[in-house]
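Shown next, in structure tokens, is the structure this report addresses.
Numbering (the numbering used here), first residue to last: 5 to 159.
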């Protein structure tokens, strides 16, 4: 019996990203996950090859597949680049960050933990309105970051 392949975008990432992505893909293959991967660049490698750490082709692949698996990404410092993760959240309106935590091995410091943390991902300080105020020749003496909260986000 062959499962229908599920199209998904694969972004290996930077640093240890490719290494942990290889392990994640091996685990998915071991359980027979029927994904058809569309590998796309993002991060520092994409900046070198495409001039943008998040090329439009990568965004288009995610729009088309509606599913992505992403390794850690490094955002270039300076040069006017915004966080790649923030750009992805905004482009796809990824409103919530859901982080489950559960005790897997009994006998530790805390037992019977079963917790889900839900964090809003698009507003507040994630909006990324930042600028610097120069003082006495130091162009980055003061950093200002403004949070934004909308009625929708506060619900």
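Using N, Cα and C, we set each Cβ at its ideal position, and we do this for glycine too. Since this is a predicted model, take the numbers as computed values, not measurements.
For a cut-off of 8 angstroms, the C-beta gap from residue 46 to residue 15 is around 5 angstroms, short enough to register as a contact. The C-alpha of residue 63 lies about 45 angstroms from the C-alpha of residue 111.
Residue 72 sits in a strand when the DSSP states are folded into three classes. Judged by DSSP in its simplified three-state form, residue 118 adopts strand.
For residue 125, the secondary structure class from DSSP, reduced to helix, strand or coil, is coil. Counting only runs of 3+ residues, the beta strand (DSSP E) found wholly inside the segment 11-87 occupies 39-43, 72-74, in chain order.
Under DSSP, residue 104 forms a beta bridge with 120. Just so you know, the alpha carbons of residue 32 and residue 40 end up roughly 12 angstroms apart. For the 8 angstroms CB-CB criterion, residue 118 and residue 78 do not form a contact.
For residue 76, the closest of 10, 147, 11, 25 by C-alpha to C-alpha distance is 25.
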